Amino acid sequence: MLSLFGQAHGLVGEGIKMNKLNSINKVTIKPILYCPARCEFCIPRRDNYRRLRANSESQMRICDYEKLIVELATLGVQEICISGGEPTLYKHLDCLVRSISLSNIKVSLNTNGFNLLNRLSKLIDSGLNCVGLSLYSNKIDIQDQLKKLDGIGAKAISLIKQFNNLDKKKDRSVKLYLYCILLPQNAHDLYQYLAFAEAQKVDGVFFSPVQGKLSTDNYYLSENNICTIEREIYEWVNNTQINLTSQKDAIFKFLDNMKTNACSIKHGVYKLDPDKPKSCEVSKHSFMILANGDVHACNMIEMAGEPPLGNINNSSLKEILYGDSKKVFDNNVHKMCKYCAMSNTILIEMT
Ligand SMILES: C[S@@+](CC[C@H](N)C(=O)[O-])C[C@H]1O[C@@H](n2cnc3c(N)ncnc32)[C@H](O)[C@@H]1O
Ligand code: SF4
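First residue of the sequence shown: 79, per the working numbering; consecutive thereafter.
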């Protein structure tokens, strides 16, 4: 599982004694199921959230999160990612970050940057370790078009510049990663994108194609798009000042893999890791909890609106994580797994 804090986590403290659960190291929480942007490839998720907002009686309160964080710490969880919807709209975000940090769990934020510029230094003071900023283009008009929200591109670029200007000694331990979905709309601009990320000294860039069964083919990559992506990334790899020696093989393998599977990728279908065809590793190391208490095995399943593994308002977290639904999930390939792009994701580290 790719993680902002390194791929392999060691186990700490109580987690060692808790047999199977001790392999869970990353949890994503989604305290807000609303977003002002309108990314078309996120429509299935936003539709689900609208339904959940209308139907859910109980939304998790900050005191519920505080109890949950204590429990996650005892389970050996090492990283909590706060996502959404758009998490910078969550009014108790500072408090949430502080609680996680005080439990010695690393805390990251996955955001489009909507409401972060003015809150960044307070969040850093509260213990924020990492921001994963979704940026699909360094051209603000393209970012606005893809997010379908005027001004969101300018905010994201300002945020990146603000990071670059952080006091290197005091605040620069907080990391900034960019999350870029590879799309027909940005394929030809990736050299510029990577050059921009390098110039702004971001810590790294995650690339992956779009995931999910979408109602339009507009965001799936054609064979031509994949050739363009390969050309653009190769060009940057050949020109960058960053020492990529230890990363080149992984980058080339990622590009080769996309070319080999281009026929299915153009329909949004991704090949599972051929070495692990029987089940997926992601749910063995991570899970997700939504604002209404629903627990999901992974991002793809949550986005697809599949039934949750359980809800923490009705069962304890341990009952859910040791329960039958979780066992079935862990030992089988789910029908939505072929639309998951996790096996086609690469992190290019820049620092
Ligand atoms: C659902 S968003 C929530 C956080 C925040 N609103 C944002 O956009 O960063 C979490 C991540 O999912 C990514 N994402 C959304 N829809 C996607 C899709 N269909 N395929 C791949 N990634 C997707 C976004 O780019 C973002 O990095
Ligand atoms: S900004 Fe994030 S949550 Fe909002 S619509 Fe886009 S991907 Fe979905």
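Virtual Cβ for every residue (Gly too), placed ideally from N, Cα, C. Owing to the predicted nature of the structure, the values given are computational and were not obtained by experimental measurement.
Whole-Å CB distance - residue i paired with residue j, under 8 Å assumed
i, j, result
"Arg124", "Leu227", "Not confirmed; about 13 Å, so no contact."
"Thr166", "Thr152", "Rounded, the Cβ-Cβ distance is 29 Å, inconsistent with contact."
"Leu195", "Lys233", "6 Å"
"Lys291", "Tyr348", "No, Lys291 and Tyr348 are not in contact; Cβ-Cβ is about 12 Å, not under 8 Å."
"Leu213", "Val252", "17 Å between Cβ atoms; not a contact."
"Leu395", "His374", "About 13 Å separates the two Cβ atoms, so there is no contact after all."
"Ile183", "Gln156", "6 Å"
Ligand 2 heavy atom lying under 6 Å from the CB of residue i
i, result
"Cys159", "no"
"Asn190", "yes"
"Ala232", "no"
"Cys258", "no"
"Ala382", "no"
"Cys113", "yes"
"Cys120", "yes"
"Cys305", "no"
"Cys117", "yes"
Residue environment, residue i, which counts as buried when at least 16 other CB atoms sit within 10 Å
i, result
"Glu92", "For Glu92, the pLDDT reaches just 24, beneath the cut-off of 50, and the residue's location in the model is therefore unreliable, leaving the point undetermined."
"Ser45", "Any answer about residue 45 is impossible in this case: the structure gives the chain only from 79 up to 429."
"Arg176", "buried"
"Pro287", "buried"
"Asn242", "exposed"
"Lys169", "exposed"
"Cys341", "exposed"
"Cys141", "exposed"
"Thr323", "exposed"
"Asp370", "As written in the sequence, residue 370 is Asn, which differs from the Asp given in the question. Classification for Asn370: buried."
"Gln221", "buried"
"Asp203", "exposed"
"Glu397", "exposed"
Beta-bridge partners of residue i, as assigned by DSSP
i, result
"Asn389", "Asp372"
"Phe365", "Val105"
"Pro287", "Leu260"
"Glu427", "Gly282"
"Ser186", "Cys159 and Cys208"
"Ile110", "Gly162"
heavy atom of ligand 1 below 6 Å from residue i C-beta
i, result
"Val105", "no"
"Ile367", "no"
"Cys418", "no"
"Glu164", "yes"
"Ser212", "yes"
"Gln221", "no"
"Val315", "no"
"Gln289", "yes"
Ligand 4 heavy atom lying under 6 Å from the CB of residue i
i, result
"Cys141", "Summarising the ligand content, the structure contains ligand 1 and ligand 2 and does not contain ligand 4."
is_contact[residue i, chain B] using C-beta, thresh 7 Å
i, result
"Ile230", "The displayed structure is made up of one protein chain only, and chain B is not part of it."
Which runs of the alpha helix (DSSP H), 4 residues or longer, sit entirely within the stretch 212-274?
Fully enclosed alpha helix (DSSP H) runs of 4 or longer: 218-225 and 230-242.
Just to confirm the assignment: which complete alpha helix (DSSP H) runs, minimum length 4, are found wholly within the stretch 320-356?
Every unbroken stretch of the alpha helix (DSSP H) spanning 4 or more residues and falling wholly within the stretch 320-356 is given here in chain order: 326-338 and 340-343.
Starting from the N-terminal side, write out each stretch of the beta strand (DSSP E) that is 3 residues or longer and does not extend beyond the stretch 114-178.
For the stretch 114-178, the full-length beta strand (DSSP E) segments reaching 3 residues or more read 157-162 along the chain.
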